[in-house]
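Notes follow the structure.
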Amino acid sequence: MCGIVGYIGHREAWPIVLKGLKRLEYRGYDSAGISLINDHGLNIYKKVGKVQELENFSAGKNLSGTIGMGHTRWATHGIPSDRNSHPHTSNDGRLTIIHNGIIENYAVLKEELASRGHVFNSDTDTEVLIHLIEEIYKKENVDLLEAVRLALHQVSGAYAIVVMDEEQPNELIVARKGSPLVIGVGTGEYFIASDATPIIEYTKNVIYLNDNEIALVKRDELVIKRLDNVVQTPYIQELELKLEMLEKGGYEHFMLKEIFEQTRSIRDCLRGRIYANEGRVQLGGIKEYADKLKNIDRIIIVACGTSWHAGLVGEYLIEEYARIPVEVEYASEFRYRNPIITEKDIVIAISQSGETADTMAAIQMAKERGATIFGVCNVVGASIPRLTHAGVYTHAGPEIGVASTKAFTAQVTVLTLMAFYMAQQKGTLTQAKLVELLTELDHIPEKIEKALESNALIEKIAHKFKDSRNCLFLGRGSGFPVALEGALKLKEISYIHAEGYPAAEMKHGPIALIDEEMPVVVIATKNSSYEKVISNIQEVKARKGIVLAIVTEGDTEVRSMVDYCIEIPDASEAFLPLLATIPLQLLAYHIALLRGCNVDQPRNLAKSVTVE
Ligand code: M6R
1 MCGIVGYIGH
11 REAWPIVLKG
21 LKRLEYRGYD
31 SAGISLINDH
41 GLNIYKKVGK
51 VQELENFSAG
61 KNLSGTIGMG
71 HTRWATHGIP
81 SDRNSHPHTS
91 NDGRLTIIHN
101 GIIENYAVLK
111 EELASRGHVF
121 NSDTDTEVLI
131 HLIEEIYKKE
141 NVDLLEAVRL
151 ALHQVSGAYA
161 IVVMDEEQPN
171 ELIVARKGSP
181 LVIGVGTGEY
191 FIASDATPII
201 EYTKNVIYLN
211 DNEIALVKRD
221 ELVIKRLDNV
231 VQTPYIQELE
241 LKLEMLEKGG
251 YEHFMLKEIF
261 EQTRSIRDCL
271 RGRIYANEGR
281 VQLGGIKEYA
291 DKLKNIDRII
301 IVACGTSWHA
311 GLVGEYLIEE
321 YARIPVEVEY
331 ASEFRYRNPI
341 ITEKDIVIAI
351 SQSGETADTM
361 AAIQMAKERG
371 ATIFGVCNVV
381 GASIPRLTHA
391 GVYTHAGPEI
401 GVASTKAFTA
411 QVTVLTLMAF
421 YMAQQKGTLT
431 QAKLVELLTE
441 LDHIPEKIEK
451 ALESNALIEK
461 IAHKFKDSRN
471 CLFLGRGSGF
481 PVALEGALKL
491 KEISYIHAEG
501 YPAAEMKHGP
511 IALIDEEMPV
521 VVIATKNSSY
531 EKVISNIQEV
541 KARKGIVLAI
551 VTEGDTEVRS
561 MVDYCIEIPD
571 ASEAFLPLLA
581 TIPLQLLAYH
591 IALLRGCNVD
601 QPRNLAKSVT
611 VE
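Spelled out as structure tokens, the structure:
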């Protein structure tokens, strides 16, 4: 979490850094701060709250300077407050630092530094690092690059940092380990950021710093070294990102824009990957593993949050169509168990951001034990795609709303493609069946568009549910992960307590919660468990629960027994998760809006969870 931005060049740094922080605010919004060097020396402005608070607070102040850096915080060490906001300074106030990550051994270092006279002004781990750099800088009589390099040898944990020295207004030092850092290359200027979104406006040429690399960034010079002091040749890549992808495009919120983008994002995800007439799936990213897939005994899927729900859908699809056993694991649990992993296993790591710390750690562990790792990621060039052996990008485009929507359906689309691809390799589906399924998949974007037409109806239903304190989501088969995802969407943006449950499990406990005030959302589409779900609906109704059912268009049976109905287009069971998720996203959105919640930046959350 936390977003960092830096600039050195010929333009005014403040507007570039401020705008960059607004773009990165999805990474954390507990506080924001910027430091600049100008003729008056070092100027630091920081404020608890959103970037807008910082902007208001700094209005009319001295904001000039062509070198600067800023930070938007998701609090870990120390409460959100002005004093815990970044940038932090050295003991003498000459050096400043911004940091995304966690310095794990900060307590020991802090004690040692304090015993040598350092006085700290915050509760953060980051402040300890800048004091350590200062001490080495002074004692060792080295330049700032070397001081930072030596200091980083003494810390454990994760970091993407930028360091500035008031007395060296022509350089920034940056480094990364475990947290992302991109350098934008301009003419006589460089941009630094946690991801490319603050950079795209100025240049398309970027360098993704690797773990354990440190760089000296001057207006006309860039030197990248590994932490072991070996100089690296920068690898400049061209961004494919477009500026309009980062804007709301007329929608009130990014979340709503991203929900409505799903027709396009799923189409982009399918593009060039299916040849429906031939009954063939082509996944260039994993093609060199085609033979391995033929003989594979097991797949393990690791992910967190919404991505984990996509993994559960993947389990249904891969087991159903490719007949390969699948285990789906929370990355955070998997990494701390002693799981049995062999060289024959394929681990699929799913992550929108490609930066989730727990997922990365799970990958590292599985890799060390010899497994082959596939990534399913959205952010191109992020850490996870670089850690994996192979992978398939979801191509959903930047997802800015903290609640994941289009990334989920794109992940499910990729997993659907993977299931069919594996079936193709293993021969578990006939050519005719593949032709049939792929032809239908090709038309799913149109069905998504149709499902989105229920928006106005869902808004009306949201009025009925907006004051609920609890909500149960039920589904069976692949409808169960959809129920989990619906519950997560509702709780994370509306703060209504919501639980997803396998519909049949309700009678083993949650049924005790049901009364005339309890809304129960049921995925009751026409699939193999339709009749069973109807029985579960009866059980809820018998206890006076309020039922909202997601049904297949034209359904009259469920409609006759529930309080509210939302229709989705008919589709084969394989594609129901893609369609049934859409109304649940819209339901969460409208309820949150009616409750006055910040849908794009829900409290306590951040888009990319780079801490354990
Ligand atoms: O970037 P990732 O997909 O790895 O993120 C995983 C979760 O942090 C993420 O899905 C989170 O649960 C979202 N807030 C859900 O909307």
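Residue numbers (the numbering used here): 1 to 612. All C-beta atoms, glycine included, are put in the ideal place defined by N, C-alpha and C. Predicted model, so just to flag it, every value in this text is computed and none were measured.
Query	Result
Taking E612 as the reference, which of I34, T66, Y159 has the closest Cα?	Y159
What does D165 pair with, by DSSP beta-bridge criteria?	L95
Is S353 near ligand 1, going by C-beta to nearest heavy atom under 8 angstroms?	yes
Is any heavy atom in ligand 1 found nearer than 8 angstroms to the beta carbon of I102?	no
Helix, strand or coil: how does DSSP classify R271 here?	coil
Report whether the distance from the Cβ of I173 to the nearest heavy atom of ligand 1 is below 8 angstroms.	no
Does any C-beta atom of chain D lie closer than 9 angstroms to the C-beta of T203?	No chain D is present in this structure, which holds just one protein chain.
Count the other C-beta atoms from every protein chain shown that fall within 10 angstroms of the C-beta of A59, then say buried if there are 16 or more, exposed otherwise.	exposed
Suppose contacts are defined by Cβ-Cβ distances below 9 angstroms. Is Y289 in contact with I346 by that definition?	yes
Could you pull the start and end residues of the beta strand (DSSP E) that K46 belongs to?	41-48
The alpha helix (DSSP H) that contains E146, what's its start and end?	144-152
Can you list the beta strand (DSSP E) stretches of 3 or more residues lying completely in the stretch 522-555, in chain order?	546-552
Jot down the residue ranges of each uninterrupted alpha helix (DSSP H) in the stretch 385-440, minimum 4 residues, whole runs only, in chain order.	406-426
Does G305 come out as helix, strand or coil in the three-state DSSP assignment?	helix
Within 10 angstroms of its Cβ, does T439 collect 16 or more other Cβ (buried), or is it exposed?	exposed
Looking at C-alpha atoms only, which residue of L587, D563, T552 is the closest neighbour of S572?	T552
Looking only at C-alpha atoms, which of E127, E135, F191, G375 sits nearest to N205?	F191
How is the alpha helix (DSSP H) around E104 delimited, first residue to last?	Counting along the chain, E104 falls outside any alpha helix (DSSP H), and DSSP gives it neither H nor E.
Where does E258 land, buried or exposed, given buried means 16+ other C-beta within 10 angstroms?	buried
Would you kindly report the start and end of the unbroken beta strand (DSSP E) that includes R73?	67-73
Quick check on the DSSP output: the alpha helix (DSSP H) that includes Y29 runs from which residue to which?	Y29 -> no alpha helix (DSSP H), and no H or E assigned at all.
When you compare each of A362, E557, K367, G354 to A382 by their alpha carbons, which one comes out closest?	G354
Can you give me the Cβ contacts of G477 inside the same chain, cut-off strictly under 8 angstroms, excluding the 5 residues immediately before and after it?	Y316, N527, S528, S529, E573
Helix, strand or coil: how does DSSP classify G354 here?	coil
Just checking A303 against ligand 1 - is the residue's beta carbon closer than 8 angstroms to any of the ligand's heavy atoms?	yes
Have a look at the DSSP bridge pairing and note the partners of I348.	I301, F374
According to DSSP, is Y202 helix, strand or coil?	coil
My guess is that G391 and F408 are in contact by the Cβ rule of under 8 angstroms, so how many angstroms apart are they, rounded?	The Cβ separation is near 17 angstroms, so there is no contact.
Return yes when the Cβ of I591 is within less than 9 angstroms of the Cβ of I568, no when it is not.	no
Less than 8 angstroms separating the Cβ of A403 from some heavy atom of ligand 1?	yes
Closer than 6 angstroms by C-beta to D600: which residues in its own chain qualify, once you throw out the five before and the five after it? Chain order, please.	H253, F254, M255, G401
I need the straight-line Cα distance from T96 to L145, nearest angstrom please.	14 angstroms
Might you give, ordered along the chain, the residues of its own chain that have their beta carbon closer than 6 angstroms to the beta carbon of F473, omitting 5 neighbours on each side?	A483, G486, A487, G500, V521
Rounded to whole angstroms, what is the Cα-Cα separation between T428 and L434?	10 angstroms
Quick check: the Cα distance between K225 and R369, rounded to an integer number of angstroms?	30 angstroms
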